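Engineer: Here the sequence shown stands for residues 178 to 255, where the numbers follow our numbering.
Glycine included, every Cβ here is placed at the ideal spot set by N, Cα and C.
On a predicted model such as this, the values are computed, not experimentally measured, just so you know.
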Amino acid sequence: MRWREIAGRSGAVEADEQAVAFDRFSPLRPRTGLTTGLELYKVRRLAELQRGRVWVADGPGDEARFGFSLPLAHHAGG
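Structure follows, in structure tokens:
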């Protein structure tokens with residue numbers, strides 16, 4: 178598996194929000210009212226369809242870290 182993380186300073190994600198962050202219709206603290214709550218759900222589903230996974234965790238200070246992993250492709254013949 179290969180993985181990547183994206184960190185942002187938009188504020189830490191509380192533990193109760195982390196538990197449902199990737200659920201359908203669960204926006205993280207909507208600030209504008211322009212969210213459907215499907216954005217992170219779609220990310221999770223795309224990762225799962227490729228046998229990967231996504232996560233959110235606390236970073237240093239007031240930071241949230243979002244990550245995903247996807248399996249490496251194996252090419253025949255190298």
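(1) Thinking just about the alpha-carbon of each residue, which of W180, D193 and E225 is nearest to the one in D235?
(2) What is the rounded straight-line gap between the Cα of F243 and the Cα of T213?
(3) For L247, report the span of its beta strand (DSSP E) as first-last.
(4) Compute the distance between the beta-carbons of L249 and R181, then report whether it is under 7 Å.
(5) Could you tell me which residues DSSP puts in a beta bridge with A224?
Structural biologist: According to the structure shown:
(1) Nearest of W180, D193 and E225 to D235, Cα basis: D193.
(2) In a straight line, the C-alpha of F243 is about 19 Å away from that of T213.
(3) Where L247 is concerned, the enclosing beta strand (DSSP E) starts and stops at A241 to L247.
(4) Cβ atoms of L249 and R181: not closer than 7 Å.
(5) DSSP lists no partner for A224.
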